[in-house]
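Residue numbers (full-length UniProt numbering): 1 to 266.
All residues carry an ideal CB built from backbone N, CA and C; glycine is no exception.
Down below is the structure, laid out as structure tokens.
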């Protein structure tokens with residue numbers, strides 16, 4: 001036996017092998033999870049930021065689309081009023097009075113109520129008591145809901161933004177019980193203003209409230225750039241106009257026999 005070897009121990013035995021250094025343990029999942037959480041958090045923040053930017057970019061487009069939709073609905077309503085006017089004229093050979101006055105000199109129904117049976121407002125017409133004033137408690141129920149053609153878009157059901165322009169030289173004179181026929185409109189129906197829809201100008205639909213030329217034009221000039229007033233011409237055509245509409249053209253459209261020359265492209 002060689003010297004220096006303990007008795008009974010083989011130099012090739014397992015016990016004689018040099019000790020193996022312990023391997024480093026794999027990293028725990030704690031640090032990795034933290035990195036993932038941070039990344040996800042940053043992604044979420046970025047998403048929120050991008051969403052806010054997208055919302056800011058889309059909001060004007062959404063608002064413009066809503067206004068365009070309201071204008072389209074209002075245009076359709078004004079067309080119905082024009083059709084109702086022509087049907088009324090066919091039935092009675094005249095336009096409705098601006099306002100009707102009884103023999104005692106008391107104002108009764110206005111043109112909107114007179115027109116109501118011709119714009120799907122038969123139920124309102126039948127419920128209205130013409131023996132009392134429009135704002136009498138007896139007629140209060142009729143004021144609550146207007147025929148759809150008169151209603152303000154997205155507004156109170158009993159309000160309207162459709163007016164006639166009361167003018168001595170126009171289709172709707174201020175004097176009660178004044179008869180106007182289409183044959184009186186020598187300027188031509190396509191060149192004469194019959195009614196107007198004015199955004200943000202709601203009144204109770206059964207009222208006798210209308211507008212003068214000055215009041216109507218002032219309302220037009222106060223429109224927002226994206227808003228339109230809708231002109232109803234005597235032939236039933238509609239013309240949207242904005243805040244920059246020309247006053248001289250507007251005045252020429254009101255008269256029924258002024259003989260003014262009007263640019264057809266206005």
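If you draw a straight line from the C-alpha of residue i to the C-alpha of residue j, how long is it?
i	j	result
residue 129	residue 265	44 Å
residue 198	residue 105	30 Å
residue 190	residue 95	16 Å
residue 251	residue 120	32 Å
residue 132	residue 262	42 Å
residue 254	residue 235	14 Å
residue 247	residue 217	7 Å
residue 165	residue 125	23 Å
residue 229	residue 219	9 Å
residue 215	residue 127	32 Å
Would you kindly report the start and end of the unbroken alpha helix (DSSP H) that includes residue i?
i	result
residue 112	111 to 115
residue 123	122 to 127
Is it true that the CB of residue j sits closer than 8 Å to the CB of residue i?
i	j	result
residue 233	residue 194	yes
residue 174	residue 103	no
residue 169	residue 256	yes
residue 161	residue 224	no
residue 70	residue 206	no
residue 145	residue 158	yes
residue 101	residue 108	yes
residue 137	residue 116	no
residue 90	residue 238	no
residue 242	residue 187	no
Under a three-way DSSP split, which group does residue i fall into?
i	result
residue 97	coil
residue 77	helix
residue 249	helix
residue 107	strand
residue 224	coil
residue 266	coil
residue 145	coil
residue 153	coil
residue 12	Its pLDDT being 45, under 50, residue 12 is placed unreliably by the model, and the measurement read from it follows with that caveat. In this structure, residue 12 counts as coil in the three-state DSSP scheme.
residue 211	strand
residue 177	coil
residue 187	coil
residue 135	coil
residue 140	helix
Start and end of the beta strand (DSSP E) containing residue i?
i	result
residue 195	193 to 197
Since residue i sits in a beta bridge, which residues does DSSP pair it with?
i	result
residue 239	231
residue 162	197
residue 203	160
residue 172	166
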